[in-house]
Amino acid sequence: MQAIVLYISQTLALIQKELLALLKDPSSRALLLAPALMQTLLFGYGATYDLTHAPYAVLDQSRGAASREITARIDGTGVFKRVATLQNANQIAARIDSGDALLVIVFPPDFESRLAAPGDAPMQVILDGRNSATAGAAAAQVGSIVAAYNQSLGVESPISIVRRAWFNPNYESRWNLMPAMIASLSMLQTLMLAALSVAREREQGTFDQLLVTPLTPSQILIGKAVPSILIGLVQSTIIFLIILFWFRIPMAGSVWLLYLGLVTFTIAAVGIGLSISAISLTMQQAMLYTFMLIMPLMLLSGLLTPVRNMPQILQIATYVNPLRFGIDTVRRVYLEGATFADVAPNFIPLLCVAAVTLPLAAWLFRHRLS
Amino acid sequence: MSRSAARARLVALIRKETRQMLRDRSNLFVGLALPVVLILLFGYGLSFDVTDARVAVVMEDSSAATVNAVAGLVGSDYLNPVWTRSMVEAEQMIRAGEADAILRVPADFTRNLAAGGGQLQLILNGVDSGTAQAIEGYANSAISNALLHLSDRQADTAAQSASVSVVQRTWFNEAGDSTWFFVPGLIALVMTLIGAFLTSLLIAREWERGTLESLFVTPARPTEMVLAKLAPYVVIGMIDLVMCLLAAKFLFGVPMRGSLWIIILSSMLYLMVSLALGLVISGLTRNQFAASQMALLASFMPAMMLSGFVFDLRNVPVAIQVVSNLLPATHFMGLIKTLFMAGDYWPQILRANATLALYATVLVLIARRTLAKKLD
Amino acid sequence: MTGLTVSADALTKVFRDADLGDLRAVDGLSLSIRQGELTALVGPDGAGKTTLMRMFAGLMTPDEGSLRVLGIDVARHPQRVQDRISYMPQRFGLYEDLSVQENLDLYADLHGVPISEREDRFARMLEMTDMARFTDRPAGKLSSGMKQKLGLACTLVRSPDLLLLDEPSVGVDPLSRRDLWKIVQQLVDDEGLSVVVSTSYMDEAERCAQVFVMHKGRVLADGPPGSLREKAGGLTFTAETPAGTPARDLQARLIDRPDLVIDAVPQGGNVRFIRQPGADEPRMGDLLDGIETSARPEELEDAFMMLLRQQEDEAPASLAATRPAEVATPSKDGKPVIAVRDLVRKFGDFTAVASTSFDVGRGEIFGLLGPNGAGKTTTFRMLCGLLPATSGHLEVAGRDLRTARAQARARIGYVAQKFALYGNLTVRENLQFFGSAYGLGRRALRDRIAAMIEQFDLDPEAKSGLLPGGYKQRLAMATGLLHQPEILFLDEPTSGIDPLARRAFWRTITALAKGGVTIIITTHFMEEAEYCDRIAIQDAGEMLAIGTPREVRDMAGTAGARDMNSAFIAIVESARAERGRRAAA
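Protein chains in written order, with our numbering: chain A, 35 to 404; chain B, 2 to 377; chain C, 289 to 873.
Here it is in structure tokens:
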């Protein structure tokens, strides 16, 4: 019993020391919090696939009522913003090349007359394909505007599709991206923090001083892991609150489950960080190893593009990537209101990563020789 | 005499920096191996192109007409129908992440179709908005194909009224292949990476190890030190550039419509900006930890998220556009995508390169100041 | 040879710090340094020596006053000065990943040494530093003594108009130190080099033509060593240690009476001391109590100690404050506390420690001496359980600390060579953490911290990383002693610390040993070996000598008669010659 109390009080002392060392100076406190805050706001506005005020130009050679009506409808959506009205076809290239216009809509001279007769009246949409995602989205938007116009002409299709989107009714890409930030932005710094924690002590010679104390490797491990985990969770919370109250993305699931997922994910990330730290002899090595890992972790996580679109072999590789499961859990709990049973399979790989990396780090503390 | 002395000093410093770079394997790994990993990951791993999206099909009405209507889905490369018995089961599949969408054929579909208004229900998981939109598009076109069959057979009942059709032409990237827009941007990202992760440590490391104090009290001039630090990493950057270009051309078949020499010159200019930015961060922080954090937060992450690499800058609010335009990466990102896919568009080439040259000059001057041979 | 190479007038440099207030590192200092001479700057920690050197080198700009180096206003034209001088900072910035030759080449290129002159110069430098064999070795793989010599070689790739050396011999063993000075002396003799050197070794200052004693940013005294020495004239004596007691007991007795004795140090088995000029004769007689004393010629160190002690009068002497509370004395049961048998440690093919055996008894002060790279630190790290032994047997307090359960480590204390506490935590926070890590309860922790803070005269709220060198060392000691260990490991605790602080440090150590604490210590100050009960000299991983200081001195024969420094050099050199003969045969 006494041994347990001693174990806990020694470990708490180490945790307290780590937190103190990390949070002592106002500047290092700022370094831990400000980036999460700024990046969430910047990326919240900047990282979007949604068209808003997408610039377009019109070349209306028919100058009829129909073309006017369609352009008015396009202007009315709020998705597009007309930046130019062209006079002839030679002007198209310059608008697209310069990126001034994402798309140019061309009504041919015979548009009005063909529309008067039964059959197709083609209008032309020229898209800037340099960003295929935006181009695709713009094409789809124009398509649905035209379809709505056709419907107003009284064209009845025998089959219609009623579309309903669950969890994100307006297809806002911000809803998809921002919850993922809760996991990924905080991971950037937790990984780095954990990776540097032991490497810094080794480089400054304090690790020897720690190793000659009666602290056991498991105590050192817990003492090093808990502060990184706490800071990771504080960052996640900041991002979470910004998303909830500033960007007002509705939270569908349970906060407890969200945090259960985040804690598990952060433990796995810290495990990776501490293993890097225990392997590295210098801070420089630890940082470079971290950089080398961060990139693949982010790219293969489903943050920017879905994991399912990847080739099979890369999809298999993502099973060791805690970020993939962290993001998936957060997204599904946040947006879909997933229950524990729904996301339970995500916990298995996360716990596996933690179960391998944490003991490995503890073992390396004493066995990695300088 | 003094010019040749300066040249000799510069050569000596470059030799020193090169040796140091070559001796440290982790440097070479970040400089040469990481770009290869990134090329492969970006080229193969990142894709918006949805294939085999799983659609749970609930057939509450299984007449011949329904089967016809849904038939289009089966033939598609993009959609992968999973036949389910009930809405409950389909919903469960969505919640478990096993299906991305539900196509429901209501029990009264055939009846309504006969009356001229058959309705199908498409329920999508909107969380991944991109995938959801893509599936909707695919489903729509699959259904309209089915409709075409229908109207072929019932030619007389098909409406002969007029309608507007959209003829779509996507310039530069006709197939809408997302690899085409990721890979050129990758060049920008790799150039950023060398500056952010390698040169950002250079001066800070010398401060931490105390080597600058000895170096300062020699005839070596700050400018020589800055140039010498840049030189070996320019070579690394060039090797990376060549790798990226070869991969773009031969591995991913991305078109290179602009002139090769403009691509190379502009990339080198951006490389200088990125390396000098790394040096400035290094010289200002004098601490490897702070330098790497700064480089990651101020240089690399914004280059990835805010430069137009993935997200189109035309979609973002003005304030964010202003921030983006302060980043040198943004100017190069736009330029390199244009050079690859659109060709030599001179106004942009001149504007972007002038901006980059300005950045490079200012940053080199600041880097030089951080090595001003003072300890106080 | 009469020109001035440096002339400073009312020179002031202030470091501004929002928290700590302004620190006047150099405070209205004026001096002139003559050309073609060796000039020494001596003074305690924080006297402003390094700041002054950096201003000479144009690395710092004076806040007030004028400074001309080689006749150039250095504040306005630093580069012109830097083109002509050579400067070796305290930590010479060798590029550790470059080889010895590459480091030399780099500095030769930067200084524009013509290729034609290089061959001769390099050959001479490599010969003087005895490094011709290692030209391909990366600088990072050299021992600290070798690094320092290489640093000097890099500084001297050409003959500068002025050579600045900032504490060149910190952490350097006596052999390398002798070599370093040989190089400098030779250049002064051959080329008429002007050299300014800062040092805390008084024997080094003694070699210089001119000595400036600095204190708190000012010059306290200056002149040739001979005239400075005279300040201690007639006050210097040697006291003979009574048979059967260690010299350090007598030394402790003397140094604890600052009213009568200015300074006392053990030497050659006896104690040399300086009387207070106005010491009361009867009381002096009481103190000495029949102990034989004889007058001895005064040395520069005596004058230095006198000057500093006079300054200290304003502040109470730190000695009394650092006298430790006596620890309960465990009985000497005769069983060794540390037993080492046939200990071997190899790194790849390289044998760092070859079959080493020794015992250390309870309450003993055991000194591990040896040149840089001799295997001291490796032995030391194995004892503390930081490094596994390749083979052999090792027991500390009855256990091998590496495999022992964690609580066994609670019985030892460890003070690392380099300051190894958390720099951004305060003194109290550091003590609290280590106390808890050693499992002290809340009350015990509070009491011990209070005791340590008082004993070592520490400011509990000061930020550890910003403490001056001597105080950092005190804090490290306080941390090592917090949990009242039975055994205390000290790795070069006195490197880079001025003589004054070293006296205080050793007073603490001797009191601890008296209290029954076993002390294992490594040091480069050979005179400090005189405080030890027994010492061991290691070189190239082998144990060359082990015994009491007197035995070791005797082992060295006539060479060792004078002092430990010469005994050490003689023992190591004869062993090396022997090895050379064996290798040749």
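All C-beta atoms, glycine included, are put in the ideal place defined by N, C-alpha and C.
Nearest-angstrom Cα separation, counted from residue 532 of chain C out to residue 693 of chain C: Within the third sequence, residue 693 of chain C is the residue found at index 405, counting from 1. Within the third sequence, residue 532 of chain C is the residue found at index 244, counting from 1. Rounded to the nearest angstrom, the two C-alpha atoms are 40 angstroms apart.
Near-chain C residues of the segment 208-242 of chain B - C-beta to any C-beta below 8 angstroms: If the cut-off is 8 angstroms between Cβ atoms, the segment 208-242 of chain B has 210, 211, 212, 213, 214, 215, 216, 217, 218, 219, 220, 221 and 222 near chain C.
Helix, strand or coil at residue 176 of chain A [DSSP, three-state]: In the first sequence, counting from the first residue as 1, residue 176 of chain A sits at position 142. If DSSP states are grouped into helix, strand and coil, residue 176 of chain A belongs with the helices.
Option nearest residue 175 of chain B by Cα separation, candidates A:272, A:169 and A:109: Walking along the second sequence from the start, residue 175 of chain B turns up at place 174. Its Cα nearest to that of residue 175 of chain B, the residue A:169 stands out among A:272, A:169 and A:109.
CB contact check: residue 700 of chain C to chain A, cutoff 8 angstroms: Against the third sequence, residue 700 of chain C aligns to sequence position 412. Yes, contact with chain A.
From A:55, A:106 and A:398, residue whose alpha carbon lies closest to that of residue 307 of chain A: Here residue 307 of chain A is taken as the residue at index 273 of the first sequence, counted from 1. A:398 is the residue among A:55, A:106 and A:398 whose C-alpha sits nearest the C-alpha of residue 307 of chain A.
Residue 385 of chain A versus residue 68 of chain A: straight-line alpha-carbon distance, rounded: Here the question's residue 385 of chain A lines up with position 351 in the first sequence. Here the question's residue 68 of chain A lines up with position 34 in the first sequence. About 30 angstroms.
Simplified DSSP assignment, three categories, for residue 1 of chain B: This structure gives no information on residue 1 of chain B, because the portion of chain B shown stretches from 2 to 377.
Of the residues A:38, A:74 and A:204, the one placed nearest residue 278 of chain A, counting alpha carbons only: Mapped onto the first sequence, residue 278 of chain A falls at position 244. Cα-wise, what sits closest to residue 278 of chain A is A:74.
Per-residue contacts from residue 10 of chain B into chain C (C-beta, under 8 angstroms): As a working note, residue 10 of chain B is residue 9 in the second sequence. Ordered by position in chain C, the residues that pass the 8 angstroms Cβ test against residue 10 of chain B are 397, 398 and 400.
CA-to-CA distance, residue 184 of chain A to residue 195 of chain A, given in whole angstroms: Here residue 195 of chain A is taken as the residue at index 161 of the first sequence, counted from 1. Here residue 184 of chain A is taken as the residue at index 150 of the first sequence, counted from 1. Cα to Cα, residue 195 of chain A sits roughly 15 angstroms from residue 184 of chain A.
Residue 206 of chain B classed as buried or exposed, judged by whether at least 16 other C-beta atoms fall within 10 angstroms: Walking along the second sequence from the start, residue 206 of chain B turns up at place 205. Under this definition residue 206 of chain B is a buried residue.
Pick from B:188, B:66 and B:50 that is closest to residue 130 of chain B, judged by C-alpha positions: Walking along the second sequence from the start, residue 130 of chain B turns up at place 129. Checked all of B:188, B:66 and B:50; the closest Cα to residue 130 of chain B is B:50.
Residues near residue 422 of chain C by beta carbon distance below 6 angstroms, same chain, minus five either side: What you label residue 422 of chain C is simply residue 134 of the third sequence in a count that begins at 1. Result list for residue 422 of chain C: 388, in chain order.
Beta-carbon spacing of residue 319 of chain B, residue 249 of chain B below 8 angstroms: Taking the second sequence and counting its residues from 1, one reaches residue 319 of chain B at position 318. Taking the second sequence and counting its residues from 1, one reaches residue 249 of chain B at position 248. No; because the gap between Cβ atoms is not below 8 angstroms, this pair is not in contact.
Cβ neighbours of residue 325 of chain C in the same chain (closer than 7 angstroms, five flanking residues each side left out): On the third sequence, residue 325 of chain C is found 37 positions in, with the first residue counted as 1. Cβ within range, chain order: 482, 497 and 498.
Residue of B:113, B:58 and B:359 minimising C-alpha distance to residue 271 of chain B: Locating residue 271 of chain B in the second sequence gives position 270, where the first residue counts as 1. For the residues B:113, B:58 and B:359, the minimum Cα distance to residue 271 of chain B belongs to B:359.
Interface flag, residue 726 of chain C vs chain A, CB-CB below 8 angstroms: For the purposes of this step, residue 726 of chain C is identified with residue 438 of the third sequence, where counting begins at 1. So, interface residue.
Contact between the segment 771-780 of chain C and the segment 701-717 of chain C (3+ Cβ pairs under 8 angstroms): With contact defined as three or more Cβ pairs closer than 8 angstroms, the segment 771-780 of chain C and the segment 701-717 of chain C are in contact.
Minimum C-alpha distance to residue 36 of chain B - residue among B:242, B:299, B:328 and B:146: For the purposes of this step, residue 36 of chain B is identified with residue 35 of the second sequence, where counting begins at 1. Per the C-alpha coordinates, the member of B:242, B:299, B:328 and B:146 positioned closest to residue 36 of chain B is B:242.
CB contact below 8 angstroms: residue 63 of chain B versus chain A: For the purposes of this step, residue 63 of chain B is identified with residue 62 of the second sequence, where counting begins at 1. Interface criterion not met: the Cβ of residue 63 of chain B is under 8 angstroms from no Cβ in chain A.
Where residue 751 of chain C sits in the DSSP three-state scheme: Your numbering for residue 751 of chain C matches position 463 in the third sequence. Here DSSP, grouped into helix, strand and coil, assigns residue 751 of chain C to strand.
Cutoff 7 angstroms; reference residue 44 of chain A; Cβ partners in own chain excluding five residues on either side: As a position in the first sequence, residue 44 of chain A is number 10, starting the count at 1. Beyond the five residues adjoining it in sequence on each side, residue 44 of chain A comes within less than 7 angstroms, by CB distance, of 249 and 253 in the same chain, given in chain order.
Simplified DSSP state of residue 349 of chain A, which is helix, strand or coil: Translated into positions along the first sequence, residue 349 of chain A becomes position 315. Residue 349 of chain A falls in the helix class under three-state DSSP.
Contact check, residue 360 of chain A vs residue 299 of chain A, beta carbons under 8 angstroms: Position 326 of the first sequence holds residue 360 of chain A. Position 265 of the first sequence holds residue 299 of chain A. Residue 360 of chain A places its beta carbon less than 8 angstroms from that of residue 299 of chain A.
Candidates C:356, C:664 and C:529, of which the one nearest residue 827 of chain C by Cα: Here residue 827 of chain C corresponds to residue number 539 of the third sequence, with the count starting at 1. That would be C:664, whose Cα lies nearest to the Cα of residue 827 of chain C.
Neighbourhood of residue 602 of chain C by C-beta distance below 6 angstroms, restricted to the same chain and skipping five residues each side: Taking the third sequence and counting its residues from 1, one reaches residue 602 of chain C at position 314. Confidence at residue 602 of chain C is low in this model, with a pLDDT of 48, below 50, so its placement is unreliable and no value can be given for it.
For residue 582 of chain C, the residue or residues it bridges with in DSSP: Counting from 1 along the third sequence, the entry for residue 582 of chain C is found at position 294. Bridge partners of residue 582 of chain C: C:526.
8 angstroms Cβ cutoff met for residue 337 of chain C and residue 502 of chain C: Position 49 of the third sequence, counting from 1, holds the residue named residue 337 of chain C. Position 214 of the third sequence, counting from 1, holds the residue named residue 502 of chain C. Contact flag set, yes.
Where residue 260 of chain A meets chain C, residues with beta-carbon distance less than 8 angstroms: Counting from one through the first sequence, the residue named residue 260 of chain A turns up at place 226. Identification of chain C residues near residue 260 of chain A by a Cβ-Cβ cut-off of 8 angstroms yields none; the smallest Cβ-Cβ distance measures about 15 angstroms.
Reduced DSSP category for residue 82 of chain B - H, G, I as helix; E, B as strand; rest coil: Looking up residue 82 of chain B in the second sequence gives position 81. In the structure shown, residue 82 of chain B sits in a strand (DSSP, three-state: E or B).
Selection of the segment 39-69 of chain A by Cβ proximity to chain B, strictly under 7 angstroms: Within the segment 39-69 of chain A, 65 and 69 place their CB atoms closer than 7 angstroms to a CB of chain B, listed in sequence order.
Contacting residues, own chain, Cβ-Cβ under 6 angstroms from residue 330 of chain A (five flanking each side not counted): As a first step, residue 330 of chain A must be located in the first sequence, where it is residue number 296. Within the same chain, residue 330 of chain A has no close Cβ partners at all.
CB contact check: residue 423 of chain C to chain B, cutoff 8 angstroms: Translated into positions along the third sequence, residue 423 of chain C becomes position 135. No, its Cβ sits nowhere closer than 8 angstroms to a Cβ of chain B.
C-beta contact flag for residue 186 of chain B and residue 310 of chain B at 8 angstroms: Residue numbering aside, residue 186 of chain B sits at position 185 when the second sequence is read from its first letter. Residue numbering aside, residue 310 of chain B sits at position 309 when the second sequence is read from its first letter. Cβ distance < 8 angstroms, so residue 186 of chain B and residue 310 of chain B count as in contact.
Three-state class that DSSP yields for residue 145 of chain A in the structure shown: In the first sequence, the residue the question calls residue 145 of chain A occupies position 111. DSSP places residue 145 of chain A in helix when its eight states are reduced to three.
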